Amino acid sequence: MALSLGLIGLGEVAQLIHLPILSRLGDLFAVAAAYDPSPSVLATVADRWDIARRHPSVEALLADPGIDAVMVLSPDQHHGEHARAALAAGKHVFLEKPACLTRADLEALAAVRSDKTVMVGYMRRFAPAFTAAKAAMPPREEITYVRVRDVICEGPWFFRQTDSVVTPKDDISADLIATSRALRASMLAEVCGPDAPADLQTAYQVLTGLSSHSLSAMRDILGGSPKRVVAAEVKLGGMQITALLDYGHFNAIYECMIGDVVRFEAGMEINTRNRRISFEYPTPYIRNLPMWTDLQDSTETGNRLTRLGPFHQDPFDVEMRAFHALATQGATNPTPPADSLADLDLFGEIIAAAKRSRA
2 MALSLGLIGL GEVAQLIHLP ILSRLGDLFA VAAAYDPSPS VLATVADRWD
52 IARRHPSVEA LLADPGIDAV MVLSPDQHHG EHARAALAAG KHVFLEKPAC
102 LTRADLEALA AVRSDKTVMV GYMRRFAPAF TAAKAAMPPR EEITYVRVRD
152 VICEGPWFFR QTDSVVTPKD DISADLIATS RALRASMLAE VCGPDAPADL
202 QTAYQVLTGL SSHSLSAMRD ILGGSPKRVV AAEVKLGGMQ ITALLDYGHF
252 NAIYECMIGD VVRFEAGMEI NTRNRRISFE YPTPYIRNLP MWTDLQDSTE
302 TGNRLTRLGP FHQDPFDVEM RAFHALATQG ATNPTPPADS LADLDLFGEI
352 IAAAKRSRA
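Take any residue in the sequence shown, count from 1 to its spot, add 1: that is its number in the working numbering.
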């Protein structure tokens, strides 16, 4: 059964990732309607992808009786309100990460009781190389060290070689822009503090954006959050974050930097005394790039490296298949909003540790 979808927001991620994936999954999804605050973006993107119904507001889209589910692809500060409104309208919700920017907003969403469901889009947790690594994990008590890494350049360097993005032609309401920016600023002040330096606010936005994928995956594969953030440093205006995380008998280190050298070094390494499990994610802006999972086993007399893969199935493809099963068959929700509360707590602790380092 094809699920009828309405999209809230037709920006970069919708255009370059979700719409191409949904087109390829035409037996599972039909994109029936869309809304974007830019009329020019709405018209151009809807024409390109043959989206029949173009709504003038979020409210109008949610009132559309021909929609079974909604993809919330709006700016992060609106995720909570749009997801709650969609549930109230009787729609299933795919909520792009981060689920919300503040704990209060996310708690309000997690508290909603509905026969519909919300799944948060942490696509890295669906990557075949990640699930292969998870299947090869040792008992937690055997882990000795974990390294999580996001050292990348921004997506445009990659996608400009293969595609283009339709952007607004100065046709978004000035009042809407001002209101949205004020909401984001108030949420950042709520988390980081009203007088927080600009670089810490930027770092929090990096954590809720890029880092949320890796740190959510870290929690998943390690079976929970760290006991505490031992130390954290923020540099380069918030674009470099380093955090030392205490998991009891072992430490994990998270390394993040967004720079201009063209690379995408995003992955994870888990070590025991005799085994290393490692994998890297490719840029999400180029479809079906290969991924591998490496298993290295060492003894006093030998060393063996086993490479699983290459895996070519796109993590977004796996993710959307999981959402379809959730909405149509009542499958288990792998990433409910309540799960993301642990992410926001960890992000807040990293910012707090970075503040302490400057005291």
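The beta-carbon is built from N, C-alpha and C at its ideal position, and this holds for glycine as well. On a predicted model such as this, the values are computed, not experimentally measured, just so you know.
At which residues does the alpha helix (DSSP H) containing residue i begin and terminate?
| i | result |
| --- | --- |
| glutamate 97 | Unbroken run through glutamate 97 is the beta strand (DSSP E), 93 to 97; no alpha helix (DSSP H). |
| leucine 88 | 80 to 89 |
| serine 174 | Premise fails: serine 174 is in no alpha helix (DSSP H) and is neither H nor E. |
| glutamate 60 | 59 to 63 |
| glycine 349 | 338 to 359 |
| glutamine 330 | 316 to 330 |
| aspartate 48 | 40 to 49 |
| proline 157 | 157 to 160 |
| arginine 104 | 104 to 111 |
| leucine 216 | 213 to 223 |
| proline 21 | 20 to 25 |
| proline 129 | 129 to 136 |
Check the C-beta distance from residue i over to residue j and give it rounded, since I have them as a contact under 8 Å.
| i | j | result |
| --- | --- | --- |
| alanine 267 | serine 187 | Their Cβ separation, rounded to whole angstroms, is 31 Å, which puts alanine 267 and serine 187 out of contact at 8 Å. |
| alanine 31 | leucine 6 | 7 Å |
| tyrosine 146 | asparagine 272 | 5 Å |
| histidine 325 | proline 291 | Contact doesn't hold; Cβ gap of about 25 Å is too wide. |
| alanine 3 | leucine 20 | Going by Cβ atoms, the distance from alanine 3 to leucine 20 rounds to 15 Å, so no, they are not a contact pair. |
| aspartate 247 | valine 231 | 5 Å |
| isoleucine 287 | threonine 203 | The Cβ separation is near 26 Å, so there is no contact. |
| threonine 300 | alanine 134 | That pair is no contact at about 21 Å. |
| alanine 109 | leucine 96 | About 13 Å separates the two Cβ atoms, so there is no contact after all. |
| alanine 244 | alanine 360 | The pair is not a contact, with the Cβ atoms about 17 Å apart (cut-off 8 Å). |
| leucine 211 | cysteine 257 | 7 Å |
| serine 217 | arginine 322 | Contact doesn't hold; Cβ gap of about 19 Å is too wide. |
According to DSSP, residue i sits in a beta bridge with which residue or residues?
| i | result |
| --- | --- |
| asparagine 362 | Any question about residue 362 goes unanswered here, given that the chain covers just 2 to 360. |
| glycine 7 | Ala34, Val71 |
| aspartate 151 | Cys257, Ala267 |
| leucine 309 | Thr294 |
| arginine 54 | Ala34 |
| tyrosine 282 | Ala267 |
| asparagine 304 | Ser299 |
| glutamine 16 | None; glutamine 16 has no bridge partner. |
| isoleucine 242 | Val235, Cys257 |
| arginine 288 | In the DSSP output, where bridge partners are listed per residue, arginine 288 has none listed. |
| arginine 276 | Asp298 |
Under the rule that 16 or more other beta-carbon atoms within 10 Å means buried, what is residue i, buried or exposed?
| i | result |
| --- | --- |
| glutamate 60 | exposed |
| phenylalanine 98 | The identity of residue 98 in the sequence shown is lysine, whereas the question assumes phenylalanine. With 16 or more other Cβ atoms within 10 Å, it is buried. |
| glutamate 270 | buried |
| valine 149 | buried |
| aspartate 116 | exposed |
| proline 316 | buried |
| serine 58 | exposed |
| isoleucine 178 | exposed |
| leucine 63 | buried |
| alanine 370 | In the structure as shown, the chain starts at 2 and stops at 360, and residue 370 therefore has no counterpart that could be examined. |
| histidine 56 | buried |
| histidine 250 | exposed |
| proline 227 | buried |
| proline 285 | buried |
| arginine 305 | exposed |
| serine 358 | exposed |
| leucine 237 | exposed |
Let's see if you can read the secondary structure: which residues bound the beta strand (DSSP E) around residue i?
| i | result |
| --- | --- |
| tryptophan 293 | 292 to 299 |
| glutamate 234 | 229 to 236 |
| serine 75 | It is not in any beta strand (DSSP E) - serine 75 carries neither H nor E in the DSSP assignment. |
| methionine 269 | 265 to 272 |
| arginine 205 | Strictly speaking, residue 205 in this sequence is tyrosine, with arginine absent from that position. Tyrosine 205 -> not in any beta strand (DSSP E); alpha helix (DSSP H) instead, spanning 199 to 207. |
| methionine 120 | 119 to 122 |
Are the CB atoms of residue i and residue j nearer to each other than 9 Å?
| i | j | result |
| --- | --- | --- |
| leucine 309 | leucine 296 | yes |
| alanine 175 | isoleucine 278 | no |
| threonine 118 | valine 94 | yes |
| valine 192 | leucine 102 | yes |
| methionine 124 | valine 319 | yes |
| proline 66 | proline 169 | no |
| glutamate 234 | isoleucine 242 | yes |
| lysine 92 | glycine 194 | no |
| threonine 17 | tyrosine 36 | Strictly speaking, residue 17 in this sequence is leucine, with threonine absent from that position. No, the Cβ-Cβ distance between leucine 17 and tyrosine 36 is not below 9 Å. |
| glycine 224 | isoleucine 153 | no |
| aspartate 344 | serine 213 | yes |
| proline 338 | leucine 107 | yes |
| arginine 229 | glutamate 350 | yes |
| arginine 276 | proline 139 | yes |
| alanine 89 | valine 113 | yes |
| glycine 122 | threonine 329 | no |
| glycine 156 | aspartate 200 | no |
| alanine 34 | leucine 11 | no |
| methionine 219 | alanine 197 | no |
| arginine 49 | valine 167 | yes |
Cβ of residue i less than 9 Å from any chain D Cβ?
| i | result |
| --- | --- |
| alanine 190 | In the structure shown, chain D cannot be found, because there is only a single protein chain. |
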